[in-house]
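Input: a single structure, listed below in C-alpha cells.
Residue numbers (this note's numbering): 7 to 639.
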C-alpha cells in the first residue's frame, strides 16, 4: 500500500503519455513507515494520510515529498506533477518490486476496499487521533475502489515501482489466458538467451529452446473481420456477412494505396505486384492476411485510443455486400504509420508482431521458426527493432553483454506469431553436461509446452514472470530519459503452490542460477523475499534470514531452530510449529488400537486391528504397540 501511494504521487498527470496503464487509487487512510537499505544507506518511506515522504535517514535528507489537495474526493486533486527526469531522480533511491502469487484466495479485489489502515505504533496513532487529522477511522469502512486492481495492469512502461502477477480481474485468474501469456513470456526468454549463443547459459535448466511451430488460422481472421464490421457498422448501411468471396476480395487488395504505404513505411519484404495475382496469392497467404489485419487494426486504433485522436479522421471505411475497403489521404496515412513506429505501447503490440513476423518469414509461408531464423532477422534491418533504439551495426553475438546493451525480451515477444496464427513452443531437455537429451534413434527429444506437467508449467510461469520483468527493466537505457531502476525486490508469495517437492528443494539454487544467467551487471542489487510453508525451501536459508510467524506475530528467538543444511523431515515438525508428527486420523486409530490391545472396549475388530498394525510406517511405533500386547500376555 505504501508503494502504491508512493507511485500514485509521482505518476499522476501522465495519463496521455501512458494510455495503457490504469490510473492508481490513492489510499488516504494509510499510516505506515517502510524501512529499507540501499548502498549502506538507510531509508524511510512514510505514508501519512495525504502525505507521502521518502527520506534518506543516513544523509538526513528528504528525497521526495508530495501531498494531496482534496482528500475527500473520489479522485483527489493533485498539487504536483513530476516529469520523467524528476521521477528518475526519485527512483534512483528506491527499488522495483515484482510479486508473484498463484493462490486463488489471494489479491481478491473486495478484500482491499477498507478506508483506514493502521500500521503505526500506538503513540503515533493517538497523536493522529488527538489532532483529528481524519474523522472516520473505522477499519471496516468500505472504500469506493479496490486500490490493488490497477497494479495488475502492466502497461505503464515500468514507471511505477510495483507489479503484481498473475493478472487478476475482480480477483479471478483467467487460467487459459495466463497459460497463453506464460507461453509467450517463456518463448521470448528462451529465444532472447539462445540467440546470443553463449555456452552454458540457458534459462531454466534443464530446458532449452528448440523451435516454434505455427499454422495460419483463417477462421480467426473471419471472426475478427466480423467483429470489426459489427463494431463499426453504419446504421444506414447494414454490415455484410464476411463470406469467403468478401474475405478473398479484401485479401487481394494487399497492394492498394493503403497496403503499399504499410509495406513501404514498415519496410516489409518487397513482393512484386505481379506475384500477388488474382488466382495466385496462396503462396503469399501469410503476407496477404497480415497486411489485411494491419489495415483493420490501424483503423480500430485511430477510433479507439485518445493517444491517436489526431488521426481519428485519417482512415475511411467503405463496405458493401461483397467488399470491404479502408482508404485515406496518402500524406495523412504516412504520418499515422510514422507515429505508430514511435509507439512502443501495448496499443501497437499486435501490429509490431505482424510486421516483425512478415520480415522474419520474408513474406512467405513459414511453418517452423528456429533459433537461426531469429538470429538472421536481428542481424538484418528491422524497422521496429531500430525504433527501440538499437542498431544493426554489429551482429547480436558480438554485442557487449552489459545491461545497457541488453536486448529486452519484449523485442523477441514482438516477433512471436501474430494473433492470426496457432503456434506451439517446443523445448529440449539438457543433461548435467549441457547435452541435449535424445531418443533411442539419436533425435533430440522435443517437448511441446502444452504437454508439460502442471508442476513444470508452474515452475516456468513463476520464474518467467520475474525474469521477463527483470530483463525488460535492465534493458532500459540510461540515455533514454526514462526512469530506470537498479534495485529489485523479488517477492515469491506462497511459492510452493503446484510445485513438486523436488522443485521446492532446488528453488533457492534456481533463483541464484537465474540471476547469474541474467548477467544484469554490477550496478544492480536484489532482495529476494519468499513467503512459504515449505520446509523444502528452508533448508537453503540461514536461520537469521528467516522471520517466523505464528498467529500473525513473530515468534521468540529462543524457539527458532537452525535451518541451513538441516534435515528437511526434521524441519517439517520444528520450523512450522506442528503439534504432532503424524496425521490426526492416524493418531486416533493408533490410540484405539492401543486400547484394544490393552483389553479395553472399542469398536475396532480384530481384522481391522491387524490391518492397522501391519500398515504402521514407523517401526518404532509398531514395535511399541507389539510390546503392549506382549506385556498383557
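Glycine included, C-beta positions come from ideal geometry on N, C-alpha and C.
All values derive from a computational prediction rather than experimental measurement.
*Give me the Cα-Cα distance between residue 250 and residue 328, rounded to the nearest whole angstrom.*
Just so you know, the alpha carbons of residue 250 and residue 328 end up roughly 9 Å apart.
Q. Going by alpha carbons, who is nearest to residue 57 out of 66, 71 and 47?
A. Selected option, being the one with the closest Cα: 71.
In terms of residues, what are the limits of the beta strand (DSSP E) holding residue 17? For residue 17, there is no enclosing beta strand (DSSP E); the enclosing alpha helix (DSSP H) covers residues 8-17.
- Query: Any idea if residue 570 is buried or exposed, counting beta-carbon neighbours within 10 angstroms, 16 or more meaning buried?
  - Reply: Residue 570 counts as exposed, since fewer than 16 other beta carbons sit within 10 angstroms of its beta carbon.
Mind checking residue 322: buried by the 16 CB within 10 Å criterion, or exposed?
Burial call: exposed.
ask   = Would residue 1 pass as a contact of residue 350 if the rule is Cβ separation under 8 Å?
value = The question about residue 1 has no answer, for the chain in this structure spans 7 to 639.
When the distance is taken between beta carbons, is residue 47 closer than 8 Å to residue 649? Nothing about residue 649 can be read from this structure; the chain reaches only from 7 to 639.
**Asked** How long is the line joining the alpha carbons of residue 90 and residue 492, rounded to whole angstroms?
**Response** Note on geometry: alpha-carbon atoms of residue 90 and residue 492 lie some 16 Å from one another.
* So, is residue 446 buried or exposed, given that buried needs 16 or more other C-beta atoms within 10 angstroms? -> Per the 10 Å Cβ criterion, exposed.
Out of 592, 194 and 102, state which residue places its alpha-carbon closest to the alpha-carbon of residue 467.
Comparing Cα positions, the closest option is 194.
Note to self: Suppose you measure from the CA of residue 110 to the CA of residue 177; what does that come to, to the nearest Å?
What the structure shows: One C-alpha to the other measures close to 8 Å.
Can you give me the C-alpha to C-alpha distance between residue 68 and residue 510, rounded to a whole angstrom? Residue 68 and residue 510 have their C-alpha atoms spaced approximately 42 Å apart.
| field | Euclidean distance between Cα positions of residue 621 and residue 602 | value | If you draw a straight line from the Cα of residue 621 to the Cα of residue 602, it comes to about 16 Å.
Practice prompt. Have a look at the DSSP bridge pairing and note the partners of residue 559.
Written response: DSSP lists 556 as partners of residue 559.
Quiz item: Whose C-beta lies closer than 6 Å to the C-beta of residue 151 among residues of the same chain, with five residues either side of it excluded?
Solution: Closer than 6 Å at the Cβ level, and outside the excluded window around residue 151, lie 31.
Any 3 or more C-beta pairs closer than 8 Å across the stretch 308-319 and the stretch 223-231 = Contact between the stretch 308-319 and the stretch 223-231 is absent, because fewer than three Cβ pairs lie under 8 Å.
message: Within a Cβ cutoff of 7 Å, which residues of the same chain sit near residue 157, ignoring the five residues on either side of it in sequence?
response: Closer than 7 Å at the Cβ level, and outside the excluded window around residue 157, lie 10, 168, 169 and 170.
Practice item. Out of 237, 334 and 252, state which residue places its alpha-carbon closest to the alpha-carbon of residue 267. Key: Check the Cα spacing between residue 267 and each of 237, 334 and 252: the tightest is with 334.
Quiz item: Is it a yes or a no for the stretch 230-244 touching the stretch 443-459, going by three-plus beta-carbon pairs under 8 Å?
Solution: Touching, no.
- Message: I'd like the list of long-range same chain contacts for residue 255, defined as Cβ closer than 7 Å, with 5 residues on each side in sequence excluded.
- Response: Cβ neighbours of residue 255 within its own chain (closer than 7 Å, five residues either side excluded): 328 and 329.
Check residue 44 in the structure and name its three-state DSSP category. Looking at residue 44 - three-state DSSP - the assignment turns out to be strand.
Problem set entry | Residue of 153, 50, 96 and 28 minimising C-alpha distance to residue 35 | It is 153 whose Cα lies nearest to the Cα of residue 35.
Can you give me the Cβ contacts of residue 600 inside the same chain, cut-off strictly under 7 Å, excluding the 5 residues immediately before and after it? Once the five neighbours on either side are set aside, the close Cβ partners of residue 600 are 631 and 634.
- Query: Pick from 457, 607 and 567: whose alpha carbon is nearest that of residue 5?
  - Reply: Absent from the model: residue 5. The displayed extent of the chain is 7 to 639, so no value can be given.
_Can you list, in chain order, the residues of its chain with a C-beta nearer than 7 Å to that of residue 507? Leave out the 5 residues immediately preceding and following it._
Here the set comprises 542.
Worksheet item: Short check: CB of residue 274 to CB of residue 364, under 8 Å?
Response: Their beta carbons are under 8 Å apart, which means residue 274 touches residue 364 by this criterion.
Contact check, residue 451 vs residue 434, beta carbons under 8 Å: Going by C-beta atoms, residue 451 is nearer than 8 Å to residue 434.
Between residue 532 and the rest of its own chain, which residues show a CB-CB distance below 7 Å, the 5 nearest in sequence each way excluded? Same-chain partners within the cutoff: 494, 496 and 521.
- Which residue comes first and which comes last in the alpha helix (DSSP H) that contains residue 651? Residue 651 falls outside the range modelled here, since the chain spans only 7 to 639, and no answer is possible.
Nearest-angstrom Cα distance between residue 198 and residue 455?
-> One C-alpha to the other measures close to 17 Å.
What is the rounded straight-line gap between the Cα of residue 614 and the Cα of residue 596?
Spanning the two alpha carbons is a distance of roughly 12 Å.
Report all residues from its chain with a CB closer than 7 Å to the CB of residue 356; omit the five preceding and five following residues, and keep chain order. A distance below 7 Å between beta-carbons, with the five flanking residues on each side excluded, links residue 356 to the following residues of its chain, in chain order: 303, 424 and 425.
Where the beta strand (DSSP E) containing residue 67 begins and where it ends: Counting along the chain, the beta strand (DSSP E) containing residue 67 begins and ends at 67-73.
| said: Quick check on DSSP: helix, strand or coil for residue 331? | reply: Note: residue 331 maps to strand in three-state DSSP.
To the nearest angstrom, how far is it from the Cα of residue 538 to the Cα of residue 238?
Residue 538 and residue 238: Cα-Cα distance of roughly 50 Å.
* Asked: Under a three-way DSSP split, which group does residue 608 fall into?
  -> Shown here, residue 608 sits in coil according to DSSP, grouped into three states, outside any helix or strand.
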